[in-house]
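Protein chains in written order, with this note's numbering: chain G, 1 to 210; chain F, 1001 to 1355.
Where a beta carbon is used, it is the ideal one built from N, C-alpha and C, also for glycine.
Worksheet: the structure to be examined is printed underneath.
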């Protein structure tokens, strides 16, 4: 009988050891840290960041993939915004870009509910740069969005808030997606959206897309 | 006889393994005491007296913006906030179902921000909204509705499957609170006594689609129906949080819905409500306008208590001995917590008392 009890204890210990052991490879053991941004958005941003880092080498491939859907004009669209000589690639790590941009005129902090991650809104004149905490590492913030909120800032193609829908078509060509409220041009993982009020552009947003 | 012995030994072995596994499971489950205390909000309800006239359901805009203690002290209204971080609307619905197993409030207050999420979002928030629920059909349905693609239902039944690898991250809290958490909340309210003025609130980014999803409308309809079946008044509110943004297009959809079904809808961000409640985003928020601090939450409860009393004929129950005893304890802890946080602010510059 004692042997059987011993066997039971050994089996139980073995079971526990298996559970402990298999966890050693799993780093996300607690409920994963998170932000108000959805997991899907974060994933999309990560994909976007990975693509961006390989942008130069994959530019030709991207063009081929989207050629069927794009007009000659839209093939020239840039999806990375250049502010004061600094290129902002949505999805990429925020810190180096923010350092290059220098001190913002204002900063708004949006802490994640219950977690330690913080989303930030940095304002540089008519440009608002939004960052969010990485899904897996909340100490790491990524670039989420660049908003052009007034006519002091223009896209790399020369379109700014207040321009007309016709101005937009002349510079960007046919949108990939549009409604009466917005026109969107997109490439894999990234997009630039032009929000309209009547015939005029009221806000321009560079953002990650799922 | 030999067969019996084998059977007995086998049973003993299974039982021993089960007990050890259960003990291990409890050890590795997050205790949510020093960090992310919001993880204990849902389970905390079962320690309450379960005799509430007003039930709040919703996300952080519920559990950080309304002070149940003020409702009690000012109006004798017994209330509870079954809130949790990023609580999705179907989670609110199933928490309502769960609560109705224990009591029948006169008024249910639902904060409508979660209408913006039409799909499961995030495992961490799911866990905090669901794991604390006692087992029932409501919990099972909540799990089914909430799981992201990466999650498995079995890991909610046996949390050890999710948390087993925490063995290498255990802290003193995991042993100290092994047998249960200490009360951190005040009838579901998360208290903050510090202040950080709302400044530089950014321009909201326009959306390509403002329509709430069919899923959200379905659950709002189910919530309304469940309340009607139980003769409960449903009240829709949008708490006075400046961020996340509450778009005019969203507000219009809720206004139209409320009007169609004759539901009260109070948007506390509207100018007239801000004026009526007296909320000042210079002094009444602790995180720059996302959530109110205790002073803001008391102002909101002060106005809202008057509204509830007047509109739904809620009685002052402060003379009832059983409620009195329960609320005396809650109020004493609440005021002591305000004092503790203020002392910490003075001594350390933060409410947690971190040097």
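- For residue 110(G), the uninterrupted beta strand (DSSP E) run begins and ends at 106-111, by DSSP.
- Here residue 1081(F) really is in contact with residue 1066(F); their C-beta atoms are around 6 Å apart, less than 8 Å.
- Counting C-beta pairs closer than 8 Å gives three or more between the segment 1026-1037 of chain F and the segment 1171-1178 of chain F, which meets the contact rule.
- Identification of chain F residues near residue 94(G) by a Cβ-Cβ cut-off of 9 Å yields none; the smallest Cβ-Cβ distance measures about 15 Å.
- Taking C-beta atoms under 8 Å as the contact rule, residue 203(G) and residue 129(G) fail to qualify, at a distance of about 14 Å.
- Residue 1284(F) places its beta carbon 8 Å or farther from that of residue 1076(F).
- The C-beta of residue 1187(F) has 16 or more other C-beta atoms within 10 Å across all chains shown, which makes the residue buried.
- When the five nearest sequence neighbours on each side are left out, the beta carbons in the same chain lying within less than 8 Å of the beta carbon of residue 1240(F) are those of 1065, 1268, 1269, 1273, 1274, 1277, 1279, 1292, 1296, 1300, in order along the chain.
- Taken in chain order, the complete beta strand (DSSP E) segments of 3 or more residues contained in the segment 120-192 of chain G are 127-133, 141-148, 177-179, 182-187.
- Between residue 106(G) and chain F, the shortest Cβ-Cβ separation is below 8 Å.
- Secondary-structure assignment with DSSP links residue 1238(F) through a beta bridge to 1267(F).
- Cβ-Cβ distances below 8 Å link residue 1033(F) to 1040, 1173, 1176, 1177, 1181, 1182, 1184 in the same chain, with the five nearest sequence neighbours on each side left out; the list follows chain order.
- Taking a beta-carbon distance threshold of 8 Å, residue 182(G) counts as an interface residue toward chain F.
- From the beta-carbon of residue 188(G), no residue of chain F is found nearer than 8 Å; the closest lies around 18 Å away.
- Judged by DSSP secondary structure, residue 1350(F) falls outside any beta strand (DSSP E); it is assigned neither H nor E.
- Contacts with chain G (Cβ-Cβ distance below 7 Å) from the segment 1271-1293 of chain F involve 1287, 1288, 1290, listed in chain order.
- In the displayed model, residue 88(G) falls within a strand according to three-state DSSP.
- Look at residue 1201(F): its C-beta is under 8 Å from a C-beta on chain G.
- Looking at 1036(F), 1069(F), 1090(F), 1037(F), the one whose alpha-carbon comes closest to that of residue 1057(F) is 1090(F).
- In summary, the residues of the segment 1047-1072 of chain F whose CB is separated from some CB of chain G by less than 8 Å are 1059, 1060, in the order they occur in the chain.
- Residue contact with chain F for residue 111(G): present (Cβ-Cβ distance below 8 Å to some residue of chain F).
- Below the 8 Å Cβ cutoff, chain F contributes 1200, 1202 as neighbours of residue 123(G), in chain order.
- Spanning the alpha carbons of residue 1351(F) and residue 1344(F) requires a straight line of approximately 5 Å.
- As the crow flies, the alpha-carbon of residue 1130(F) is around 23 Å from that of residue 1238(F).
- Not flagged as an interface residue toward chain F: residue 90(G), since no C-beta distance is shorter than 8 Å.
- Per DSSP, the unbroken beta strand (DSSP E) holding residue 1054(F) starts and ends at 1054-1058.
- At a Cβ-Cβ threshold of 8 Å, residue 1049(F) and residue 1062(F) do not count as neighbours.
- A straight line joining the alpha-carbon of residue 1318(F) with that of residue 1073(F) spans about 8 Å.
- Around the beta carbon of residue 1019(F), fewer than 16 other beta carbons lie within 10 angstroms, which makes this residue exposed.
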